[in-house]
Amino acid sequence: MSLAPGSFAWLLAHDLRLSWRRFRAVFRKLSLLSTFCIILTAEIVFHLMAIPAASWFGELEAASDPSAYHAALIGGLLIVLSWMTAQALTGSTRALHARGELDIVLASPVSARNVVTARAVTIASEAVSSVAILVTPVINMNIVAGRAHWLSAYPMLVACGLIATTIGLSGAIGLFAFMGPRRARLVSQIAAAVIGGGFVLAVQIANLLPQSVRDGVAATLSPVEQGDVAEYGSLVSTPLQAADGDIGAILALMAVGLGVFGLVSSLLGERFARTAVASAGMSTAVVARSSRSARGFQAGAGRALRRKELLLVMRDPWLISQIFLQIVYVLPIAVILLHGRGTAGSLTLSVGPAIVVVASQLSGAFAWLVVSGEDAPDLLASAPLTRGRIERGKIEAIALPLGSVLAVPLIWIATIAPRAALVIFIFTLSAATASACLNLWHPVPGKRGEMMRRHQQSKLVGMVEHLLSLLFAVACVLALLGTWLAALPIGFALTILWLNRGPRHKGASALPPLVSLSAARVASRS
Amino acid sequence: MSMARPSDAEATRASAAALRIAGLRKSFGRAAVDDLDLVVDPGELYALLGPNGAGKTTTLRLVAGLLQADAGTIEIFGIDAIRCPVEAKRITAWLPDEPMLYDKLDPLEYLEFIAGLWGMPAAEAERQARELLEVLDLWPHRHERCEGFSRGMKQKVALAGALIHSPKLLMLDEPLTGLDAAIARQVKDLLSERVKAGAAIVLTTHILEVAERLADRIGIIHQGKLIAEGTLGELRRRAGSASSTLEDVFLQLTRPFEVAA
Numbered sequence: 061m062s063l064a065p066g067s068f069a070w071l072l073a074h075d076l077r078l079s080w081r082r083f084r085a086v087f088r089k090l091s092l093l094s095t096f097c098i099i100l101t102a103e104i105v106f107h108l109m110a111i112p113a114a115s116w117f118g119e120l121e122a123a124s125d126p127s128a129y130h131a132a133l134i135g136g137l138l139i140v141l142s143w144m145t146a147q148a149l150t151g152s153t154r155a156l157h158a159r160g161e162l163d164i165v166l167a168s169p170v171s172a173r174n175v176v177t178a179r180a181v182t183i184a185s186e187a188v189s190s191v192a193i194l195v196t197p198v199i200n201m202n203i204v205a206g207r208a209h210w211l212s213a214y215p216m217l218v219a220c221g222l223i224a225t226t227i228g229l230s231g232a233i234g235l236f237a238f239m240g241p242r243r244a245r246l247v248s249q250i251a252a253a254v255i256g257g258g259f260v261l262a263v264q265i266a267n268l269l270p271q272s273v274r275d276g277v278a279a280t281l282s283p284v285e286q287g288d289v290a291e292y293g294s295l296v297s298t299p300l301q302a303a304d305g306d307i308g309a310i311l312a313l314m315a316v317g318l319g320v321f322g323l324v325s326s327l328l329g330e331r332f333a334r335t336a337v338a339s340a341g342m343s344t345a346v347v348a349r350s351s352r353s354a355r356g357f358q359a360g361a362g363r364a365l366r367r368k369e370l371l372l373v374m375r376d377p378w379l380i381s382q383i384f385l386q387i388v389y390v391l392p393i394a395v396i397l398l399h400g401r402g403t404a405g406s407l408t409l410s411v412g413p414a415i416v417v418v419a420s421q422l423s424g425a426f427a428w429l430v431v432s433g434e435d436a437p438d439l440l441a442s443a444p445l446t447r448g449r450i451e452r453g454k455i456e457a458i459a460l461p462l463g464s465v466l467a468v469p470l471i472w473i474a475t476i477a478p479r480a481a482l483v484i485f486i487f488t489l490s491a492a493t494a495s496a497c498l499n500l501w502h503p504v505p506g507k508r509g510e511m512m513r514r515h516q517q518s519k520l521v522g523m524v525e526h527l528l529s530l531l532f533a534v535a536c537v538l539a540l541l542g543t544w545l546a547a548l549p550i551g552f553a554l555t556i557l558w559l560n561r562g563p564r565h566k567g568a569s570a571l572p573p574l575v576s577l578s579a580a581r582v583a584s585r586s
Numbered sequence: 003m004s005m006a007r008p009s010d011a012e013a014t015r016a017s018a019a020a021l022r023i024a025g026l027r028k029s030f031g032r033a034a035v036d037d038l039d040l041v042v043d044p045g046e047l048y049a050l051l052g053p054n055g056a057g058k059t060t061t062l063r064l065v066a067g068l069l070q071a072d073a074g075t076i077e078i079f080g081i082d083a084i085r086c087p088v089e090a091k092r093i094t095a096w097l098p099d100e101p102m103l104y105d106k107l108d109p110l111e112y113l114e115f116i117a118g119l120w121g122m123p124a125a126e127a128e129r130q131a132r133e134l135l136e137v138l139d140l141w142p143h144r145h146e147r148c149e150g151f152s153r154g155m156k157q158k159v160a161l162a163g164a165l166i167h168s169p170k171l172l173m174l175d176e177p178l179t180g181l182d183a184a185i186a187r188q189v190k191d192l193l194s195e196r197v198k199a200g201a202a203i204v205l206t207t208h209i210l211e212v213a214e215r216l217a218d219r220i221g222i223i224h225q226g227k228l229i230a231e232g233t234l235g236e237l238r239r240r241a242g243s244a245s246s247t248l249e250d251v252f253l254q255l256t257r258p259f260e261v262a263a
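Those sequence lines, one after another, are chains A and B.
For the first sequence, position 371 (counting from the first letter as 1) is numbered 431 according to my numbering, and the numbering increases by one without interruption.
For the second sequence, position 171 (counting from the first letter as 1) is numbered 173 according to my numbering, and the numbering increases by one without interruption.
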């Protein structure tokens, strides 16, 4: 059956097809069968991993006091909702800024409302399915364990998706209206990353809260009369009743989801369309002025290279947010280690390796930025400087921001345990140098904005980078414990580094990285 | 036609040549530049014409030190560019068709960066930057980041970057592509001025009218070889018609090769 061109169903089919292709693009050139097998295997693994989570929910549910169970359910729901909102915000922002595509559809004589509703449904389906991959295993394992009322989690997931898309869509349009297209895009990207990554941190922060605060939270969730969830108020009680399998509550949640979704997509439809068209026109019209004092020119190649790299990073808030997130994602490791041991001596043992890992990751990121993310490699290659001079300038440019980020925790440790600080400093420096060398020797050209995804282009460099950071972190722990076994990971790391040393050592005819990089770019362009 | 070798007159000129290429070869699987000889004098604007993929850009990239030649020699004002690349680069500028800019820098910062790379004294760099930005009508935009600029403006910033260190040899790859008439006129005037001041310019172009109006000499390159060279008048005579346009000459000279290929 073919759909009537221009109809809502036809537009939806078009959007879903594009969405499917974006998903397939993640698996690159793999066949449909291979993709299916990978997803199936992953789902089986996720289901196995979900067994402990499901039995934890079962134990909480079986307990005489339901407050912990209710807290876990509401917490889980909030995580799912924030996660979906992050996805929806990203999807809405992408839809607003994907100029060519939406321009064509909106220039055609089809209803703008249909276009936007179809797009919104696609965003909702993407948000639901991306979260469902990880959440449904927990639901399914609960059902398998005989708790059939967990089936209600499915319609709840859909309702969450609709509500999250409503928030994401309005958020994207709101940001656009208040901040203009460029800032809105940046802020929504950062917001999505923070919301998405936030729940990982939230769980850890919850663990770190004093027992009295945690008791207080549990107390507010404790019903006055045990078992009577209505005491919580409808905002909390309805989802809890729905999770219990109450058909009325499930229907109410679905009605709320559909209601707000329908209302927002019909009310904001016109607005969204106009905003999307506006974003296409305004993207080049915005003039960013450099905040610059009236200082004169300063000479010197090294200074020029350092200043240029610093300005480029400082003026790219998206990049800064990515670098910041890279630090944030490592923090939970330190928190877990610290929380698990809790003694004064273990402070350096938990923070030390985290600093080493952060140093390695940041150094890798900065080195990739200055070498592979270089916007004008030809310009540098045609300058009257030796390759060594250019590389030295670039390494100096990395060292300053890296040093200032790492100095704070290192100085803090030095005030508590000077000897440990020295050990950590040595391993931090080694890990950072190793990471920088690796990226200097194996440039992988890419756009600066794709820094976080740089390892997709060269998985080998990514793997080696992670392995090196891990080895130096382990060596740091062993050295802090005062055992000579630290020499093992150090030796291993140095061997790996030696095996991956730069092409310059392999023969006199090898081109310097910057020149081969510019040649690679030309080849990829043609 | 023995265009590939310089004549005796050219050979005597060669000692003072701005650019002297001899027997240059570069292959990417197939020969992109094939035994190329070329001499450009100081104060000369030389236009390199050729169909797509003829080897024009590869030749310029070899001279700019961005590619390593398989064989041959390149001399820039007497400096062996293969042996002493840094010395050669000091007096050379390269402007590719895609402007080499940093979106997050403004034109003044960009020029300060380039001046730094070429080791210019700060005061001199600042004076030159101001002069170039004023001539190219970029002075009012000097504190705006390049990311918001049109293609033409970006091309002008890149050109200012190529000129700030007063190179003696300028290599421009399609410098007028995508520029509107007014900007193209500014660029042409600026280039003519540099040539009058004694600099040598080698440019590649698809716009035959540019070569016809600007160039002192024109070289036609095809499949990595120089198949014809001379002033427009000389090329016309070669094509057998004094009234033919450069387009006629170009098509007539490249056709036999295409048929043979």
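For each residue, glycine too, the CB sits at the ideal point set by N, CA and C.
Taking A546(A) as the reference, which of F532(A), V373(A) and Q386(A) has the closest Cα?
F532(A)
Does the CB of M155(B) have a neighbour CB from chain D at under 7 angstroms?
This model lacks chain D altogether, as its protein chains are A and B.
Could you tell me the distance, in whole angstroms, from the CA atom of F1(B) to the CA atom of P101(B)?
Missing from the structure shown is residue 1(B); chain B here goes from 3 to 263 and no further.
Taking contact to mean 3 or more Cβ pairs, one atom from each stretch, closer than 8 angstroms, check whether the segment 204-221 of chain A and the segment 128-135 of chain A are in contact.
no
Spatial neighbours of V534(A) within its chain, please: C-beta separation below 7 angstroms, excluding the five flanking residues on both sides.
P549
Counting only C-beta atoms, is L460(A) closer than 7 angstroms to chain B at any point?
With 7 angstroms as the cut-off, L460(A) does not count as an interface residue toward chain B.
Tell me, please, whether the CB atom of E249(B) is closer than 7 angstroms to any CB atom in chain A?
no
Would you mind telling me which residues of chain A sit closer than 7 angstroms to F115(B), beta carbon to beta carbon, in chain order?
Neighbours of F115(B) in chain A, taken as residues whose beta carbon is under 7 angstroms from its own, are A364 and K368 in chain order.
Strictly under 7 angstroms for the Cβ-Cβ distance: is R375(A) near chain B by that measure?
yes
DSSP on D182(B), reduced to helix/strand/coil?
coil
Which of the three DSSP states is assigned to K44(A) in this structure?
Past the boundaries of the shown model lies residue 44(A); chain A is included only from 61 to 586, so the question cannot be answered.
Hey, does H565(A) have any beta-carbon neighbour from chain B nearer than 7 angstroms?
Residue placement at H565(A) is flagged as unreliable, the pLDDT there being 40, under the threshold of 50; the coordinate-derived value follows with that caveat. No, because no Cβ of chain B sits closer than 7 angstroms to the Cβ of H565(A).
Are A20(B) and P44(B) close, meaning C-beta to C-beta below 7 angstroms?
yes
Roughly how many angstroms lie between the CA atoms of Q358(A) and R129(B), to the nearest whole one?
12 angstroms
Please report the residue range of the beta strand (DSSP E) in which H224(B) lies.
R219 to H224
For Q358(A), which residues in chain B fall below 8 angstroms Cβ to Cβ?
E114, G118 and A124
Let me know if A125(B) comes out buried or exposed under the rule of 16 or more other beta-carbons within 10 Å of its beta-carbon.
exposed
Does the beta-carbon distance from S423(A) to A539(A) come in below 7 angstroms?
no
Kindly list, in the order they appear in chain A, the residues whose Cβ is closer than 9 angstroms to that of A66(B).
D438, A441 and S442
Return the CA-CA distance between M374(A) and R514(A), expressed in angstroms with no decimal places.
20 angstroms
Please list the terminal residues of the continuous beta strand (DSSP E) segment that includes G312(B).
In the structure as shown, chain B begins at 3 and stops at 263. Residue 312(B) is therefore absent and cannot be evaluated.
Would you mind telling me which residues of chain B sit closer than 9 angstroms to A427(A), beta carbon to beta carbon, in chain order?
Those do not exist, as A427(A) stays about 18 angstroms from chain B at its closest Cβ, beyond 9 angstroms.
Could you please give me the residues that DSSP links to A49(B) through a beta bridge?
Beta-bridge analysis with DSSP links A49(B) to L205(B) and I220(B).
Straight-line CA distance for L445(A) to L246(A)?
36 angstroms
Classify E146(B) as helix, strand or coil using the three-state DSSP reduction.
strand
Using a C-beta cutoff of 7 angstroms, does A56(B) count as contacting chain A?
no
So, does the segment 469-479 of chain A touch the segment 140-157 of chain B, judging by three or more C-beta pairs under 8 angstroms?
no
Taking Cβ to Cβ, would you say T182(A) is nearer than 7 angstroms to S79(A)?
yes
What are the boundary residues of the beta strand (DSSP E) that F83(A) is part of?
From DSSP, F83(A) is part of no beta strand (DSSP E) but of the alpha helix (DSSP H) over F68 to V86.
Does the segment 190-208 of chain B touch the segment 168-179 of chain B, meaning 3 or more C-beta pairs lie closer than 8 angstroms?
yes
Anything in the segment 148-180 of chain B with a Cβ closer than 7 angstroms to a Cβ of chain A? List those residues in chain order, please.
E149 and G150
Short of 7 angstroms in beta carbon distance, which residues of its chain neighbour F68(A), apart from the five on each side in sequence? Order them along the chain.
Excluding residues within five positions, the ones whose Cβ falls inside 7 angstroms are N174, T177 and A178.
To the nearest angstrom, how far is the alpha carbon of C97(A) from that of L194(A)?
17 angstroms
For E285(A), count neighbouring C-beta atoms within 10 Å of its own C-beta (all shown protein chains included) and say buried if the count is 16 or more, exposed if not.
At E285(A), the pLDDT of 47 sits below 50, so the modelled position is not reliable; the number obtained from the coordinates is stated separately. Its Cβ having fewer than 16 others within 10 Å, E285(A) is exposed.
Taking only three categories from DSSP, how would you classify V251(B)?
Shown here, V251(B) sits in a helix according to DSSP, grouped into three states.
Check each candidate in T150(A), L71(A) and V198(A) and name the one with the smallest Cα separation from M109(A).
V198(A)
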